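Trainee:
There are 2 protein chains.
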Amino acid sequence: MFSVDTYQRRRATLRHQVKNGVLLFLGNIDNPINFEHNTYPFRQDSTFLYYFGIQQAGLAALIDLDEQRTIVFGDELTMDQIVWMGRQETLREKCAGAGVGEVLPFGLLTTYLSEAVNKGRVIHYLPPYQAYNKILLHELLKQPITSLTGSVSFIEAVVAQRSIKEEQELEEIEKAVEVSVEMHLLALRLARPGMREREITNAIQHFAADRGCPLSYPPIVTVHGEILHNAYQQNHLREGQLLLNDSGAETALGYAADLTRTFPVSKRFTSRQREIYDIVHMAFQRANSLLRPGIPFKEVHLHACESLVEGLISIGLMKGDPKEAVSHHAHTLFFQCGLGHMMGLDVHDMEDLGEQYVGYTSDEPKDTATFGLKSLRLGRNLQTGFVLTVEPGIYFIPELIDMWQSEHKLQEFINYDKLRDYRDFGGVRIEDNFVITDDGSRRLGPELIHTADDIEHYKAQHA
Amino acid sequence: MFSVDTYQRRRATLRHQVKNGVLLFLGNIDNPINFEHNTYPFRQDSTFLYYFGIQQAGLAALIDLDEQRTIVFGDELTMDQIVWMGRQETLREKCAGAGVGEVLPFGLLTTYLSEAVNKGRVIHYLPPYQAYNKILLHELLKQPITSLTGSVSFIEAVVAQRSIKEEQELEEIEKAVEVSVEMHLLALRLARPGMREREITNAIQHFAADRGCPLSYPPIVTVHGEILHNAYQQNHLREGQLLLNDSGAETALGYAADLTRTFPVSKRFTSRQREIYDIVHMAFQRANSLLRPGIPFKEVHLHACESLVEGLISIGLMKGDPKEAVSHHAHTLFFQCGLGHMMGLDVHDMEDLGEQYVGYTSDEPKDTATFGLKSLRLGRNLQTGFVLTVEPGIYFIPELIDMWQSEHKLQEFINYDKLRDYRDFGGVRIEDNFVITDDGSRRLGPELIHTADDIEHYKAQHA
Numbered sequence: 001m002f003s004v005d006t007y008q009r010r011r012a013t014l015r016h017q018v019k020n021g022v023l024l025f026l027g028n029i030d031n032p033i034n035f036e037h038n039t040y041p042f043r044q045d046s047t048f049l050y051y052f053g054i055q056q057a058g059l060a061a062l063i064d065l066d067e068q069r070t071i072v073f074g075d076e077l078t079m080d081q082i083v084w085m086g087r088q089e090t091l092r093e094k095c096a097g098a099g100v101g102e103v104l105p106f107g108l109l110t111t112y113l114s115e116a117v118n119k120g121r122v123i124h125y126l127p128p129y130q131a132y133n134k135i136l137l138h139e140l141l142k143q144p145i146t147s148l149t150g151s152v153s154f155i156e157a158v159v160a161q162r163s164i165k166e167e168q169e170l171e172e173i174e175k176a177v178e179v180s181v182e183m184h185l186l187a188l189r190l191a192r193p194g195m196r197e198r199e200i201t202n203a204i205q206h207f208a209a210d211r212g213c214p215l216s217y218p219p220i221v222t223v224h225g226e227i228l229h230n231a232y233q234q235n236h237l238r239e240g241q242l243l244l245n246d247s248g249a250e251t252a253l254g255y256a257a258d259l260t261r262t263f264p265v266s267k268r269f270t271s272r273q274r275e276i277y278d279i280v281h282m283a284f285q286r287a288n289s290l291l292r293p294g295i296p297f298k299e300v301h302l303h304a305c306e307s308l309v310e311g312l313i314s315i316g317l318m319k320g321d322p323k324e325a326v327s328h329h330a331h332t333l334f335f336q337c338g339l340g341h342m343m344g345l346d347v348h349d350m351e352d353l354g355e356q357y358v359g360y361t362s363d364e365p366k367d368t369a370t371f372g373l374k375s376l377r378l379g380r381n382l383q384t385g386f387v388l389t390v391e392p393g394i395y396f397i398p399e400l401i402d403m404w405q406s407e408h409k410l411q412e413f414i415n416y417d418k419l420r421d422y423r424d425f426g427g428v429r430i431e432d433n434f435v436i437t438d439d440g441s442r443r444l445g446p447e448l449i450h451t452a453d454d455i456e457h458y459k460a461q462h463a
Numbered sequence: 001m002f003s004v005d006t007y008q009r010r011r012a013t014l015r016h017q018v019k020n021g022v023l024l025f026l027g028n029i030d031n032p033i034n035f036e037h038n039t040y041p042f043r044q045d046s047t048f049l050y051y052f053g054i055q056q057a058g059l060a061a062l063i064d065l066d067e068q069r070t071i072v073f074g075d076e077l078t079m080d081q082i083v084w085m086g087r088q089e090t091l092r093e094k095c096a097g098a099g100v101g102e103v104l105p106f107g108l109l110t111t112y113l114s115e116a117v118n119k120g121r122v123i124h125y126l127p128p129y130q131a132y133n134k135i136l137l138h139e140l141l142k143q144p145i146t147s148l149t150g151s152v153s154f155i156e157a158v159v160a161q162r163s164i165k166e167e168q169e170l171e172e173i174e175k176a177v178e179v180s181v182e183m184h185l186l187a188l189r190l191a192r193p194g195m196r197e198r199e200i201t202n203a204i205q206h207f208a209a210d211r212g213c214p215l216s217y218p219p220i221v222t223v224h225g226e227i228l229h230n231a232y233q234q235n236h237l238r239e240g241q242l243l244l245n246d247s248g249a250e251t252a253l254g255y256a257a258d259l260t261r262t263f264p265v266s267k268r269f270t271s272r273q274r275e276i277y278d279i280v281h282m283a284f285q286r287a288n289s290l291l292r293p294g295i296p297f298k299e300v301h302l303h304a305c306e307s308l309v310e311g312l313i314s315i316g317l318m319k320g321d322p323k324e325a326v327s328h329h330a331h332t333l334f335f336q337c338g339l340g341h342m343m344g345l346d347v348h349d350m351e352d353l354g355e356q357y358v359g360y361t362s363d364e365p366k367d368t369a370t371f372g373l374k375s376l377r378l379g380r381n382l383q384t385g386f387v388l389t390v391e392p393g394i395y396f397i398p399e400l401i402d403m404w405q406s407e408h409k410l411q412e413f414i415n416y417d418k419l420r421d422y423r424d425f426g427g428v429r430i431e432d433n434f435v436i437t438d439d440g441s442r443r444l445g446p447e448l449i450h451t452a453d454d455i456e457h458y459k460a461q462h463a
């Protein structure tokens, strides 16, 4: 946990933002795998972590703005549970560490909220993403499950606060990046023809776990880099292929990192692979150079797209004017997704609270219709203290190429003939994590090698 | 998956048992970690696996006994999803592998069930353990969430069928045991003073993952073997301590193993550790020798308890007549839990369906009041084809000893004075998996060393 005044200060800021009513925070429980008591590793809800820091299943908390009380609801271990699970720090002790003196049995939450509702007071809550918290809210608030969309003023206050990272949060994220950099170097050293993708995943997971870090999301480790969310990782690595590794660690306090590198299974890139890699790398650098307070991230995204198009024109896969190509979204045949997203206690930070609040504003809402832009999670003006990923890529997706070609789509910008040779190329992505600073941005954590030369050099050294 | 006729045959057997109404099977979805799309590794519901074998999130199935239809409800990937997740075997293809020709979009499940309900037909369902399936059932059946306890005739038919393992299921369980035995040998080789418990867990998890096996439950790897469900694994192993390793793998088809060994961190047991170990080992062998069709497992449990008491008397920790001590539950100061449980597609097989159906019968219900027996998951008469664990142990729990001693509890059987020296001893458990055969039982999978001599010998060889 951070220091006790961290949590007190964060809650004080929040209280000033929302002003009245009751702010309700629901923690997570242990999620069942295949029966109630066989459970996945526990992960506390990130907003609960942010304001209370207590990593224990089965808690709720509230800040009563009208009556100026802050209460954690949860149950101490019974003697039976101590026999089974061992003596542990009590809940009361944990709450003291978060600066909360009032601890009540979980069962009293219903009573407290019913009384508040009866007095005509507003219960503010956040959009539930765990089904058990939907049921709990349904029971607490007597509302249909489908109508539990959250309280906008509460959501906006939390997003405003969590978006600007404190110095100690940046340090945590840098710790996460540090472990992740080591994971990526390990993958670079391990990868060789004949291995299965899954073996790389298992090794980096083991490495992170030994450092006390779970992974911040299910890693994508694949020779099919063009499959953006590839869960199947049974392929054998083959000579001449590229391996894409998108993986990151999470610190004990819950802060995420999210890095991607793409590198040859064998020692060297082929000349074609290096061409595509360098194009992605150029776009990556272009994007990074633009990061600064005030610029809309959507603009950074479009600049990166233009850089990709310039590169693709230079090798004959695209044609025409780069700006015009981007304005027609012709780049989305190769770069179907967004340039990046906010990152913090969640790898897609605050995704549970709603992209319309986190990545966009009501003045500049998301384009939810256009292929490409509809997958851009972050579009708003950047501010000092935002932490985000930059992750351009080029992906040759056979199904998409076939579809576009059959429609002769944007053929003024795409050389479909030449593209035939790249059908089985796969995909390349490069991704790092940045914090926006007053005068630009800073890469978080130690630098992980990212030029084609450096990668080949590292592979040669560790062959 | 098993062969198509496996699933057809299993469903045919079930149809004959329940006879009319609609049998509803809800599959699992991807459980969220900290936001909806950041998810834990998928695990299909075990009963769904048993009758349909399809490992895909977001499915339901039904067997309409009145109209003689078997339908899987689920959605094929959209083009957008193929772009993101890659082309995969279609749902229709997977269903063909389970012998199901009728596949409908998931959204039609509500329609189908409403029509069935309107016709006055019974919808049979199993007790939901996933909150999202509670919500789904609540919406489908228009019943309050708290009243969704399941259909007894359906539960009983499933339990009767899943309790008797087929030959091919035994082969799967033996594969799980085989990987688990290797995990345990790895732990024996790795453990040394200075390591943390968690590092052993990480290494065996990595080992299993490389063989395509998740773990069948969160491993308990601890120098505090007396803590029965120990999640905290940050202790450093020290010279002279015992390490308890309770862990098992699950095969790709979902079958579990569940093994425990307790061994010295350093090369040799102390003489006191060996005494306790040998007592547990005697009880383990006594229990195994009694396994046969027709014997109530509760009786096997009580024989094992008696064996433990005999041993504890021999070293002066208990006194009096062993049988009498057991009848007064005096052994529960040292052995607080049950001797074993059913095992199969779940490590506690079918625990979601209800212990009263799986481990007990209405004629011989569970003793839910008595400390010790209330934790015995299996009490009923054994039958050929049952698969179960045998896992006696001795646990010195300081909190429990203090409580009993302060009450002078059962002091005619307990030497509290002598016990003082064992306060910090920890705990010992030995656990293997057995199938009940016509003439007794058979240990499943390759034998894992279990005598104190063998363990010391193995440690010496791999030092």
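These protein sequences, in sequence, are chains A and B. Under full-length UniProt numbering, think of the first position of the first sequence as 1, with each following residue one higher. Under full-length UniProt numbering, think of the first position of the second sequence as 1, with each following residue one higher. The beta-carbon is built from N, C-alpha and C at its ideal position, and this holds for glycine as well. Since the model is a prediction, treat every value here as computed from it, not as a measurement.
Over what stretch of residues does the alpha helix (DSSP H) that includes residue 466/B continue unbroken?
Mentor: For chain B, the structure presents residues 1 to 463; residue 466/B sits outside this window and is missing.
Trainee: CB Val435/B to CB Leu448/B, shorter than 8 Å?
Mentor: If you number the second sequence from 1, residue 435/B lands on position 435. If you number the second sequence from 1, residue 448/B lands on position 448. Cβ distance not < 8 Å, so Val435/B and Leu448/B don't count as in contact.
Trainee: Which stretch, first to last residue, makes up the alpha helix (DSSP H) that contains Arg261/A?
Mentor: Within the first sequence, the letter at position 261 stands for residue 261/A. Note, Arg261/A: premise wrong, no alpha helix (DSSP H); beta strand (DSSP E) at Leu259 to Pro264.
Trainee: Mind reading off the beta-carbon distance from Ala187/A to Ala249/A? Whole number of angstroms is fine, and I expect it under 8 Å.
Mentor: Along the first sequence, one-based indexing puts residue 187/A at 187. Along the first sequence, one-based indexing puts residue 249/A at 249. With 8 Å as the limit, Ala187/A and Ala249/A do not qualify as a contact, their Cβ atoms being about 13 Å apart.
Trainee: Label Val103/A either buried or exposed according to how many other C-beta atoms from any shown protein chain fall within 10 Å of its C-beta, with 16 as the threshold for buried.
Mentor: Taking the first residue of the first sequence as position 1, residue 103/A is located at position 103. Label assigned to Val103/A: buried.
Trainee: Just the chain A side, please: which residues come within less than 8 Å of Met85/B by C-beta, in chain order?
Mentor: Mapped onto the second sequence, residue 85/B falls at position 85. The contacting residues are Ile227, Leu228, His229, Asn230 and Ala231.
Trainee: Just to make sure I have the definition right: I need the residues of chain C whose C-beta is within less than 8 Å of the C-beta of Val347/B. Which are they?
Mentor: The chain inventory of the structure shown lacks chain C, comprising the protein chains A and B.
Trainee: Can you give me, in chain order, the residues of the stretch 4-36 of chain B that have a beta carbon less than 7 Å from any beta carbon in chain A?
Mentor: If the cut-off is 7 Å between Cβ atoms, the stretch 4-36 of chain B has Asn31, Pro32, Ile33, Asn34, Phe35 and Glu36 near chain A.
Trainee: Should the stretch 108-127 of chain A be regarded as contacting the stretch 306-323 of chain A, the criterion being three or more beta carbon pairs within less than 8 Å?
Mentor: No, the stretch 108-127 of chain A is not in contact with the stretch 306-323 of chain A.
Trainee: Could you work out which residues of chain B lie near Ser46/A, taking near to mean beta carbons separated by less than 7 Å?
Mentor: In the first sequence, the residue the question calls residue 46/A occupies position 46. Ordered by position in chain B, the residues that pass the 7 Å Cβ test against Ser46/A are Asn34.
Trainee: Assuming the contact rule is C-beta atoms closer than 8 Å, Ala252/B and Met343/B should be a hit. Round their C-beta distance to whole Å, please.
Mentor: Locating residue 252/B in the second sequence gives position 252, counting from the first residue. Locating residue 343/B in the second sequence gives position 343, counting from the first residue. Not quite, the Cβ-Cβ distance comes to about 17 Å (not below 8 Å), so this is no contact.
Trainee: Quick one: list the residues of chain A neighbouring Glu355/B, beta-carbon separation under 9 Å, in chain order.
Mentor: Along the second sequence, one-based indexing puts residue 355/B at 355. Under the 9 Å cutoff, chain A gives no residues; its nearest Cβ is about 11 Å from Glu355/B.
Trainee: So what's Leu253/B in DSSP terms, helix, strand or just coil?
Mentor: In the second sequence, residue 253/B corresponds to position 253, counting from 1. In this structure, Leu253/B counts as coil in the three-state DSSP scheme.
Trainee: Quick one: which unbroken beta strand (DSSP E) runs of 3-plus residues sit fully inside the stretch 360-446 of chain B? Chain order, please.
Mentor: Qualifying beta strand (DSSP E) stretches, in chain order: 387-390, 393-395, 427-429, 432-437 and 440-443.
Trainee: Helix or strand or just coil, what does DSSP make of Val221/B?
Mentor: The residue you call residue 221/B lines up with position 221 of the second sequence. DSSP places Val221/B in strand when its eight states are reduced to three.
Trainee: Near Leu109/A, which residues of its chain fall below 6 Å by C-beta distance, leaving aside the five closest residues on each side in sequence?
Mentor: Here residue 109/A refers to the residue found at position 109 of the first sequence. The answer, listed in chain order, is Ala60 and Phe73.
Trainee: Could you check what DSSP says for Asp66/B in three-state terms: helix, strand or coil?
Mentor: As a working mapping, residue 66/B is identified with position 66 in the second sequence. Coil at Asp66/B, not helix or strand.
Trainee: In chain B, what lies closer than 7 Å to Lys134/A by C-beta?
Mentor: Position 134 of the first sequence holds residue 134/A. Per Cβ cutoff of 7 Å: Ile135.
Trainee: Taking the alpha-carbon positions, what's the Pro105/B to Ile29/B distance?
Mentor: Stepping through the second sequence from its first residue, residue 105/B is reached at position 105. Stepping through the second sequence from its first residue, residue 29/B is reached at position 29. If you take the alpha carbons of Pro105/B and Ile29/B, they lie about 15 Å apart.
Trainee: If we cut at 8 Å on Cβ distances, does His457/B have a partner in chain A?
Mentor: Numbered from 1 along the second sequence, position 457 holds the residue referred to as residue 457/B. So no, His457/B is outside the interface.
Trainee: Using a Cβ-Cβ distance cut-off of 8 Å, determine whether Leu308/B contacts chain A.
Mentor: In the second sequence, residue 308/B corresponds to position 308, counting from 1. It does not; no Cβ of chain A falls within 8 Å.
Trainee: Can you confirm whether His224/B, when its beta carbon is compared against all beta carbons of chain A, has any partner nearer than 8 Å?
Mentor: In the second sequence, residue 224/B corresponds to position 224, counting from 1. Yes, His224/B counts as interfacial toward chain A.
Trainee: Please list the partners that Ile82/B has in chain A, where partner means a Cβ-to-Cβ separation under 8 Å.
Mentor: As a first step, residue 82/B is located in the second sequence; it is residue number 82 there, counting from the start. What Ile82/B touches in chain A: Glu399.
Trainee: My understanding is that Phe52/A touches Tyr7/A, with C-beta atoms under 8 Å, so please give their C-beta distance in whole angstroms.
Mentor: Residue mapping note: residue 52/A aligns to position 52 of the first sequence, counting from 1. Residue mapping note: residue 7/A aligns to position 7 of the first sequence, counting from 1. Phe52/A to Tyr7/A, Cβ: 6 Å. Contact.
Trainee: What residues are listed by DSSP as bridge partners for His236/B?
Mentor: In the second sequence, residue 236/B corresponds to position 236, counting from 1. Per DSSP, Arg196/B.
Trainee: Would the beta-carbon of Glu351/B fall within 8 Å of that of His450/A?
Mentor: Taking the first residue of the second sequence as position 1, residue 351/B is located at position 351. Taking the first residue of the first sequence as position 1, residue 450/A is located at position 450. Not closer than 8 Å, so no.
Trainee: Interface residues of chain A around Glu407/B at Cβ under 7 Å?
Mentor: The residue labelled residue 407/B in the question sits at position 407 within the second sequence. Within 7 Å Cβ-Cβ: nothing; Glu407/B doesn't reach chain A, min ~12 Å.
Trainee: Work out the CA separation of Pro214/B and Pro296/A for me, nearest whole Å.
Mentor: By one-based count along the first sequence, residue 296/A stands at place 296. By one-based count along the second sequence, residue 214/B stands at place 214. If I take the Cα positions, the gap works out to 43 Å.
Trainee: On a Cα-Cα basis, can you pick out the residue from Ile82/A, Gly150/A, Val18/A and Lys19/A that is closest to Pro128/A?
Mentor: Here residue 128/A is taken as the residue at index 128 of the first sequence, counted from 1. Among Ile82/A, Gly150/A, Val18/A and Lys19/A, the Cα nearest to that of Pro128/A belongs to Gly150/A.
Trainee: Once DSSP output is grouped into helix, strand and coil, what is the label at Val117/A?
Mentor: Position 117 of the first sequence, counting from 1, holds the residue named residue 117/A. Three-state result, Val117/A: helix.
Trainee: Helix or strand or just coil, what does DSSP make of Ala287/B?
Mentor: Taking the second sequence and counting its residues from 1, one reaches residue 287/B at position 287. In the structure shown, Ala287/B sits in a helix (DSSP, three-state: H, G or I).
Trainee: Put Ala61/A into one of helix, strand or coil per three-state DSSP.
Mentor: For the purposes of this step, residue 61/A is identified with residue 61 of the first sequence, where counting begins at 1. Of the three classes helix, strand and coil, the one that applies to Ala61/A here is strand, per DSSP.
Trainee: Spatial neighbours of Gly385/A within its chain, please: CB distance less than 6 Å, with the 5 preceding and 5 following residues excluded, ordered by chain position.
Mentor: For the purposes of this step, residue 385/A is taken as residue 385 along the first sequence, with counting starting at 1. Closer than 6 Å at Cβ, skipping near neighbours: Ile164 and Lys165.
Trainee: Beta strand (DSSP E) containing Val22/A: first to last residue?
Mentor: As a position in the first sequence, residue 22/A is number 22, starting the count at 1. Run containing Val22/A: Val22 to Leu26, per the beta strand (DSSP E) assignment.
Trainee: Do Asp331/A and Asn245/A have their C-beta atoms within less than 8 Å of each other?
Mentor: Here residue 331/A is taken as the residue at index 331 of the first sequence, counted from 1. Here residue 245/A is taken as the residue at index 245 of the first sequence, counted from 1. The residue you asked about is not Asp; residue 331/A is His in the sequence shown. Not a contact, by the Cβ cut-off of 8 Å.
Trainee: Report the rounded CA-to-CA distance for Gln241/B versus Lys418/B, giving the unit in angstroms.
Mentor: Reading the second sequence from its first residue, position 241 is the one you call residue 241/B. Reading the second sequence from its first residue, position 418 is the one you call residue 418/B. Spanning the two alpha carbons is a distance of roughly 20 Å.
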